[in-house]
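Enquirer: Got a structure for you, questions after.
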Amino acid sequence: MTAYPTIKMLIGGEWVESGGEGSMPVINPANEQEVGRAPKASKEQLDAALAAAGEAFPKWAATPAIERFRIIQRAAMLLRERAEGIARVMTLEMGKPHAQALGETTGAADLIEFLAEEAKRQGGRLVPVRSHSLLEQRVTQEPIGPAMLFTPWNFPINLPAKKLAGALSAGCSCVLKPAETTPATAQMLVECFVEAGVPAGAINLVYGDPAMISEHLIASPVTRKVSFTGSTAVGRHLGQLAARDLKRFTAELGGHAPVVIGESADFERTVAACAATKFRNAGQVCVSPTRFLVARSIYDRFVAEFAARTQAIKVGDASVDDSVEMGPLAHAGRVAAMQDLMGSLGGKKGEVVTGGRAMNAPKGFFFEPTVIANPSADSRLMTEEPFGPVAGIVPYDDIEDAVRIANSLRYGLAAYAFTSSLDESHYLGNTLKAGMVAINHFAVGSPETPFGGTGDSGFGSESGVEGYLGYTETKLVTVAKAAP
Ligand code: NAD
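When you read off a place in the sequence shown, starting at 1, and then add 4, the result is the number in the working numbering.
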């Protein structure tokens with residue numbers, strides 16, 4: 005039986021169990037049982053966290069890069085050592101199958117390590133002089149200042165890890181507000197940073213009412229940077245709050261990823277990869293493939309095979325069964341959203357091939373892995389991010405048509421294509437409108453590469469060198485040397 009930790013906030017180096025606004029329950033979505041309670045921060049507690057971050061910033065920024073690297077790298081090592089236990093807690097909080105939770109946790113350690121190393125690599129540059137040689141032009145990247153970090157529940161280790169490691173490596177202090185549904189995994193991650201030696205105040209952790217906390221933290225004069233991962237609607241709101249005082253903003257928002265499947269694609273490999281990836285984390289993934297655009301000549305076969313594989317997925321409570329392949333949705337609201345989406349189907353809006361119903365008997369927020377055939381271009385399924393275990397599959401006649409459908413939304417996070425044609429691969433890589441395009445596979449997230457979107461999917465990238473630079477600002481120092 006996995007023990008759920010006591011949830012505490014971290015304010016100015018002190019672990020605080022009691023919230024000024026009381027506490028809120030944390031629910032296991034697989035059985036609807038309360039597993040623990042998280043304190044809700046008051047404005048006074050937020051002010052204390054802000055003051056601590058403000059005070060810690062100049063000291064942490066002045067810590068030699070090699071020392072910041074050593075501390076952050078130690079946090080990655082601690083995370084790796086504790087991965088098994090953290091993954092069990094993650095499953096309890098949000099239902100993710102154990103193998104996925106474990107992979108996310110060790111992957112987060114890799115991310116932290118990569119971003120820690122950037123601290124050693126980013127030394128700035130000398131720029132050749134235009135006019136005369138008695139001038140030096142030095143461009144450096146300086147840490148922006150205290151960063152406010154807001155993360156959701158679908159990747160409760162990976163997303164805080166990217167933001168914390170990017171901010172701390174660059175020399176920023178920070179306040180993290182993780183999702184109210186997954187506080188323990190974020191806390192266990194923060195413990196790794198604290199035990200690794202991140203000084204008091206450089207890292208703070210608060211929970212509570214998301215709207216009140218984000219408004220209060222972003223408005224503070226201490227804050228210089230805001231980074232948010234979540235829905236487009238909330239991202240737009242937080243972007244407006246940040247823009248008011250010209251604070252830098254990174255937004256990793258929703259998506260509705262198209263998958264173009266060409267006639268020449270390796271059929272078995274493609275359909276297996278599509279069905280497995282679609283239902284990862286019950287489809288609650290910002291880069292989840294959701295709009296499958298399939299060449300008409302292979303369409304019927306693709307739908308039948310995709311549906312058969314979908315029906316074989318084992319759904320259940322991953323906190324008691326490691327062989328479960330898909331767990332529950334994060335909360336009751338997600339089940340209601342899927343039911344609402346199903347209500348919009350019928351006629352030209354799409355037909356249910358398999359799934360389509362909630363499965364919350366006797367308890368839990370489960371929804372069947374679902375395949376919808378032939379949804380029209382204007383259906384809700386094809387235009388709104390489902391953020392759940394629902395796949396829409398439509399045929400296309402020529403590749404230009406597929407690209408037109410793929411690019412027809414304001415989202416632009418990930419796009420995928422499967423083809424054996426080199427020409428088609430080049431064409432799709434060049435024309436699909438997205439921050440990340442993967443051809444013949446689905447892996448768009450690695451520590452070394454930038455992760456981010458365009459359009460309504462947000463701006464700014466996390467991980468890769470961009471994940472470090474996003475917490476810095478550019479400074480030019482130009483010096484006239486004395487004549488010899
Ligand atoms: P939600 O918008 O209520 O919550 C999503 C997350 O945003 C939560 O972690 C919440 O704490 C946070 N949030 C909400 N309002 C906030 C505010 N004013 N300030 C700061 N943080 C705030 O929706 P939900 O039903 O829990 O999730 C579904 C929606 O969220 C989907 O539409 C999906 O697009 C989006 N989402 C996106 C990602 C992503 O990785 N891009 C992750 C999780 C959720």
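Glycine included, every Cβ here is placed at the ideal spot set by N, Cα and C. Note that the structure is a prediction, hence the values are computed from the model and not measured.
Determine which residues share a DSSP beta bridge with Cys196 and list them.
Expert: Against the sequence shown, residue 196 aligns to sequence position 192. Cys196 pairs with nothing; no bridge assigned.
Enquirer: Are at least three pairs of beta-carbons, each pair with one atom in the stretch 31-51 and one in the stretch 75-85, less than 8 Å apart?
Expert: no
Enquirer: Hey, out of Gln49, Pro451, Val398 and Tyr400, whose CA is closest to His220's CA?
Expert: The sequence position of residue 220 within the sequence shown is 216, counting from 1. For the residues Gln49, Pro451, Val398 and Tyr400, the minimum Cα distance to His220 belongs to Gln49.
Enquirer: Residue range of the beta strand (DSSP E) that Gln145 falls in?
Expert: Position 141 of the sequence shown, counted from the first residue, corresponds to residue 145. Start and end: Leu139 to Pro147.
Enquirer: Please name the residue, chosen from Arg74, Gly128 and Lys353, that lies closest to Ser380 on a Cα-to-Cα basis.
Expert: Translated into positions along the sequence shown, residue 380 becomes position 376. The shortest Cα separation from Ser380 among Arg74, Gly128 and Lys353 belongs to Lys353.
Enquirer: Where does Leu82 fall in DSSP's three states?
Expert: Here residue 82 is taken as the residue at index 78 of the sequence shown, counted from 1. Leu82: helix per DSSP, three-state reduction.
Enquirer: So, using beta-carbon positions, are Ala261 and Phe253 closer together than 7 Å?
Expert: As a working mapping, residue 261 is identified with position 257 in the sequence shown. As a working mapping, residue 253 is identified with position 249 in the sequence shown. No, Cβ-Cβ distance for Ala261 and Phe253 is not below 7 Å.
Enquirer: According to DSSP, is Ala123 part of a helix, a strand, or is it coil?
Expert: Residue 123 sits at position 119 when you count from the first residue of the sequence shown. Ala123 falls in the helix class under three-state DSSP.
Enquirer: So the beta strand (DSSP E) Ala255 belongs to, where does it begin and stop?
Expert: Here the question's residue 255 lines up with position 251 in the sequence shown. Residues Arg252 to Glu256.
Enquirer: Taking 6 Å as the cut-off, is the C-beta of Val324 nearer than that to any heavy atom in the ligand NAD?
Expert: The sequence position of residue 324 within the sequence shown is 320, counting from 1. Incorrect: Val324 has no Cβ contact closer than 6 Å to the ligand NAD.
Enquirer: For Asn559, verify whether its CB is less than 6 Å away from any heavy atom of the ligand NAD.
Expert: The question about residue 559 has no answer, for the chain in this structure spans 5 to 488.
Enquirer: Taking the beta strand (DSSP E) that Ile11 falls in, what are its first and last residues?
Expert: Along the sequence shown, read from residue 1 onward, the residue named residue 11 stands at position 7. Run containing Ile11: none; DSSP gives neither H nor E here.
Enquirer: Less than 6 Å separating the Cβ of Ser46 from some heavy atom of the ligand NAD?
Expert: In the sequence shown, the residue the question calls residue 46 occupies position 42. Not so, every heavy atom of the ligand NAD lies at least 6 Å from the Cβ.
Enquirer: Can you tell me whether Ala87 sits near the ligand NAD, meaning its C-beta is under 6 Å from at least one heavy atom of the ligand?
Expert: Locating residue 87 in the sequence shown gives position 83, where the first residue counts as 1. Because no heavy atom of the ligand NAD lies under 6 Å away, the Cβ of Ala87 does not count as near it: no.
Enquirer: Taking the alpha helix (DSSP H) that Gly99 falls in, what are its first and last residues?
Expert: Within the sequence shown, the letter at position 95 stands for residue 99. Element bounds for Gly99: n/a, residue is neither H nor E.
Enquirer: Can you tell me which residues form a DSSP beta bridge with Ile397?
Expert: What you label residue 397 is simply residue 393 of the sequence shown in a count that begins at 1. Ile397 pairs with Phe296 and Ala377.
Enquirer: Taking the continuous alpha helix (DSSP H) assigned at Gly58, which residues delimit it?
Expert: In the sequence shown, the residue the question calls residue 58 occupies position 54. It spans Lys47 to Ala66 - the alpha helix (DSSP H) in which Gly58 sits, taken as one unbroken run.
Enquirer: For Lys318, which residues of its own chain have a beta-carbon under 8 Å away from its beta-carbon, when the five flanking residues on both sides are left out?
Expert: One-based indexing of the sequence shown puts residue 318 at position 314. Same-chain partners within the cutoff: Ser327, Val328, Glu329 and Met330.
Enquirer: For the putative contact between Thr227 and Pro150, defined by C-beta atoms under 8 Å, what is the C-beta separation to the nearest angstrom?
Expert: Locating residue 227 in the sequence shown gives position 223, counting from the first residue. Locating residue 150 in the sequence shown gives position 146, counting from the first residue. So it is a contact: roughly 6 Å between Cβ atoms.
Enquirer: By Cβ distance below 7 Å, which residues in the same chain neighbour Glu108 in space, the five residues on each side in sequence not counted?
Expert: Here residue 108 is taken as the residue at index 104 of the sequence shown, counted from 1. Counting only Cβ-Cβ distances below 7 Å, and skipping sequence neighbours, we find Phe159, Ile161 and Asn162.
Enquirer: Could you tell me the alpha carbon to alpha carbon distance between Gly457 and Ala486, rounded to whole angstroms?
Expert: Within the sequence shown, the letter at position 453 stands for residue 457. Within the sequence shown, the letter at position 482 stands for residue 486. In a straight line, the C-alpha of Gly457 is about 47 Å away from that of Ala486.
Enquirer: Could you tell me the distance, in whole angstroms, from the CA atom of Ser235 to the CA atom of Pro214?
Expert: Reading the sequence shown from its first residue, position 231 is the one you call residue 235. Reading the sequence shown from its first residue, position 210 is the one you call residue 214. Between Ser235 and Pro214, the C-alpha separation is close to 13 Å.
Enquirer: Phe370 to Tyr420, Cα distance in whole Å?
Expert: Against the sequence shown, residue 370 aligns to sequence position 366. Against the sequence shown, residue 420 aligns to sequence position 416. Spanning the two alpha carbons is a distance of roughly 27 Å.
Enquirer: Ser465 to Leu168, Cα distance in whole Å?
Expert: Position 461 of the sequence shown, counted from the start, is the residue given in the question as residue 465. Position 164 of the sequence shown, counted from the start, is the residue given in the question as residue 168. For Ser465 and Leu168, the distance between alpha carbons rounds to 14 Å.
Enquirer: So, for Ala336: in the same chain, excluding its five sequence neighbours on each side, which residues have a beta-carbon less than 6 Å away from its beta-carbon?
Expert: Against the sequence shown, residue 336 aligns to sequence position 332. Closer than 6 Å at Cβ, skipping near neighbours: Phe369.
Enquirer: My understanding is that Val179 touches Ala53, with C-beta atoms under 8 Å, so please give their C-beta distance in whole angstroms.
Expert: One-based indexing of the sequence shown puts residue 179 at position 175. One-based indexing of the sequence shown puts residue 53 at position 49. 5 Å between Cβ atoms; contact.
Enquirer: Apart from the five residues on each side of it in sequence, which residues of its chain come closer than 8 Å, Cβ to Cβ, to Ile443?
Expert: Translated into positions along the sequence shown, residue 443 becomes position 439. Excluding sequence neighbours, Ile443 sits near Tyr420, Ala421, Phe422, Thr423, Ser429, Leu432 and Gly433.
Enquirer: If contacts are defined as beta-carbon pairs under 8 Å, then Val298 and Pro399 qualify, I think. What distance do you get, rounded to the angstrom?
Expert: Numbered from its first residue, the sequence shown carries residue 298 at position 294. Numbered from its first residue, the sequence shown carries residue 399 at position 395. So it is a contact: roughly 6 Å between Cβ atoms.
Enquirer: Quick check: the stretch 104-119 against the stretch 65-74, are at least 3 beta-carbon pairs closer than 8 Å?
Expert: no
Enquirer: Name the DSSP bridge partner or partners of Leu480?
Expert: Position 476 of the sequence shown, counting from 1, holds the residue named residue 480. Per DSSP, Val143.
Enquirer: Starting from Cys278 and walking both ways along the alpha helix (DSSP H), at which residues does that stretch end?
Expert: As a position in the sequence shown, residue 278 is number 274, starting the count at 1. Counting along the chain, Cys278 sits inside the alpha helix (DSSP H) bounded by residues Phe271 to Lys282.
Enquirer: Could you please give the first and the last residue of the uninterrupted beta strand (DSSP E) stretch that includes Ser348?
Expert: Numbered from its first residue, the sequence shown carries residue 348 at position 344. Per DSSP, Ser348 belongs to no beta strand (DSSP E) and is neither H nor E.
Enquirer: Tell me the residue span of the alpha helix (DSSP H) that contains Arg240.
Expert: Working through the sequence shown from its first residue, we reach residue 240 at position 236. Its alpha helix (DSSP H) spans residues Thr236 to Arg248.
Enquirer: Does any C-beta atom of chain C lie closer than 7 Å to the C-beta of Leu245?
Expert: Judged by its chain identifiers, the structure shown contains no chain C, having just a single protein chain.
Enquirer: Give the straight-line distance between the Cα atoms of Asp321 and Thr294, rounded to the nearest whole angstrom.
Expert: By one-based count along the sequence shown, residue 321 stands at place 317. By one-based count along the sequence shown, residue 294 stands at place 290. Cα to Cα, the separation comes out at about 24 Å.
Enquirer: According to DSSP, simplified to helix, strand and coil, what is Lys485?
Expert: On the sequence shown, position 481 is the one that residue 485 refers to. Here DSSP, grouped into helix, strand and coil, assigns Lys485 to coil.
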